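Terminal number for the sequence shown in the UniProt record's numbering: 441, no gaps in between.
A quick write-up on the structure given underneath.
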Amino acid sequence: MVAPAYHQDSYVDHQLSANLDSTYAFEGPEKLLEIWFWPSEDHLPKGYSSEGLRCIPLAKWVEILDLVSCKILSMNSSKFMDAYLLSESSLFVFPHKMILKTCGTTTTLSCLEELFQIVNKEFFGKLHTLSSHNIYKIFYSRRSFMFPDKQIQVHQDWKNEVSLLNKHFDNGKSYVVGDFTSSDHWYLYVGGELDEEQLASETPHDQTFEILMTELNPDCAAKFITSRKPGAESYIASEVEDHDLGHDFGIQTMKETDLDSIFDPSGCTHLKHSTQLPSPTLSDNLELSEDDEMSTEKKEVSAPKPKRAIFDFVHDAFSFAPCGYSSNSICSNQGGFYYTLHITPESGWSYASFETNYPFSEKSEVSITDVLLRVLRIFEPRKFSMNLISENTEGNNSASHEGLRNSHLLLKDLGYKKQERVKYDLRGEYKLLYLNFEKNT
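Laid out in C-alpha cells, this is it:
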C-alpha cells in the first residue's frame with residue numbers, strides 16, 4: 001500500500017523513469033485543467049481532513065492518471081502543496097484545488113467522473129457527496145494543437161470538449177482567443193459557482209502566467225536532447241539510494257540552462273523599458289548576495305530598505321530519452337507557488353511552455369517582464385504567445401498587466417513584433433490579457 005502523498009516529502013519511480021521511452025512523443029501544446037473545489041484551504045468543510053485533496057493516496061492519483069494515459073515519475077511536497085512530475089507534464093495538488101497539465105495525446109477530460117468519485121470517497125467518506133456542479137470554479141485551456149488529427153476522444157474538437165465540460169460544470173463560458181485562421185491561437189473555458197463577493201473579500205489573490213513558444217532556436221533546443229538510452233543502463237542501484245539518469249540529467253540540464261534561476265532577483269532591472277537581459281545565476285536561494293546588498297545601498301543610501309520575501313524553490317526535473325524535458329519547482333517557504341516548464345525540442349515542431357502562479361506585484365523582487373525576458377533568453381523562439389489570467393482586485397495585478405501591455409517596447413529591441421493583444425473581462429472579477437509575438441525575419 002502506497003502511503004498518502006502528504007506523508008512523504010518526495011517520491012520517485014526509478015524503474016518507470018529509467019524505462020520510459022519517448023521516441024514517439026510529438027505534440028507539445030498541453031491541455032490545462034484547473035479545478036477549485038473550494039475557494040481556499042480555509043474554506044474546507046469542517047469536520048473533515050485539513051489536508052483536503054492532499055489526503056488522497058498516491059495510488060488513487062495513479063488510477064486517475066491512468067484514465068488520462070500518463071504516469072507519475074516523481075513527486076515533491078512542501079507544507080503547502082504536492083507537485084507530481086508526469087510522463088506527460090505535471091499535476092499540482094493543493095488542499096482546495098488541483099491543476100493537471102498534460103501534453104501529447106493524453107485524454108485529460110476523461111478523468112472527471114473518476115476524479116469526483118475518488119474525492120468523495122477519500123475526503124468525505126460516506127457522510128457527504130460533492131457534485132461537480134457545486135465546485136467553486138474551473139478553468140480549462142489549451143493552445144491550438146500542432147497535430148489535431150492525432151488527438152483522440154473529445155480532444156479532436158474544441159466544441160466537443162466544451163460540451164463535455166458543460167455536462168459536469170455549471171455556468172460554463174468558452175472563448176477562442178487570437179487569430180482563429182492561424183495555427184497559433186488559444187482556447188479557454190471558465191465555469192463554476194464563483195461567488196464574486198466572496199472572491200473579493202475572502203480568497204487569496206489568484207494569478208496565472210503562461211508563455212507558449214514555438215520554433216525554438218535549434219542551438220537552444222539541442223540542450224534538451226540526450227544520448228541517454230531507456231532501459232537498464234539508465235537505472236542506478238545503490239545501497240544508499242537508487243537513482244535514474246533521467247532525473248539526474250534533468251537537474252543537470254536545469255542548472256546548465258539557468259532554468260533553476262528564473263526567479264533569482266539578482267540582475268533584475270525593474271526598469272519598465274529596459275532592453276538589457278538579466279543574467280541569472282545558479283543559486284536556488286532567491287536572497288540577494290552580500291555584494292548585491294552593498295551595491296544597492298550605495299546607489300540608494302537615503303531610501304529605506306524594504307522588507308523582502310525570500311522565495312526558496314525546490315526543483316524536480318526529468319530529461320526524456322531521446323529528447324524532451326519537464327520540471328516542477330515549488331516554493332518551500334512562502335506559500336503554494338510554483339513554476340513549471342515542458343520542452344519538446346524536435347526540429348519542425350519544437351515547443352516549450354512556461355507557467356507560474358508567482359504573485360507578481362509592485363512589491364515583487366522579480367517583475368513579470370524580468371521572467372519573460374529570462375525565459376525568452378533560454379529558448380529564443382521565433383514565435384510565442386503569453387497569457388495572464390488574474391483576479392481583478394485593485395492594486396494586486398496592475399503592475400503585471402502594465403508590464404505585459406508595454407512589453408512590445410522591450411521585445412521590439414529583441415527583434416519581436418507584436419501580432420495581437422487581446423483583453424477580456426471574464427466572469428468572477430477575472431481579467432485575461434493575451435499577446436502574440438513573432439520574430440522579424
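Note that CB positions come from ideal geometry on N, CA and C, so glycine has one too.
Keep in mind the model is a prediction, meaning the values are calculated, not measured.
Scanning the segment 61 to 134 for uninterrupted beta strand (DSSP E) segments of 3 residues or longer gives 72 to 77, 82 to 86, 89 to 93 and 97 to 102, listed from N- to C-terminal end.
Counting along the chain, the unbroken alpha helix (DSSP H) around S163 starts and ends at W158 to H168. Comparing alpha carbon positions, the residue from E391, I343, W349 and Y351 closest to F360 is E391. Uninterrupted beta strand (DSSP E) stretches at least 3 residues long and entirely within the segment 338 to 419 occur at 338 to 344, 351 to 356 and 383 to 391, given in chain order. For M254, the enclosing alpha helix (DSSP H) begins and ends at L245 to E256. Annotated three-state conformation of Q153 is helix, per DSSP.
Secondary structure note for H14: it is in no beta strand (DSSP E), and the uninterrupted alpha helix (DSSP H) holding it is H14 to N19. Contact between K383 and E215 holds, since their C-beta atoms are separated by about 6 Å, short of 8 Å. Ranked by Cα distance from M75, the first of V68, S87 and L67 is S87.
Contact check for L115 against T108 fails: the beta carbons are separated by 8 Å or more. V240 and F379 have their C-alpha atoms spaced approximately 37 Å apart. In the structure shown, A317 adopts extended strand secondary structure according to DSSP, grouped into three states. According to the DSSP assignment, C220 belongs to no beta strand (DSSP E) but to the alpha helix (DSSP H) extending over P218 to A221. Cα atoms of T344 and V375: separation of roughly 15 Å, rounded to the nearest angstrom. If you look at K439, you'll find it in the beta strand (DSSP E) that goes Y430 to K439. A direct Cα-to-Cα measurement between K439 and K417 gives close to 6 Å. Between G28 and Y351, the CB-CB gap stays under 8 Å. For the pair H96 and S40, the CB atoms are nearer than the 8 Å cut-off.
According to the DSSP assignment, S40 belongs to no beta strand (DSSP E), since it is labelled neither H nor E. When the five nearest sequence neighbours on each side are left out, the beta carbons in the same chain lying within less than 6 Å of the beta carbon of E161 are those of V154, in order along the chain.
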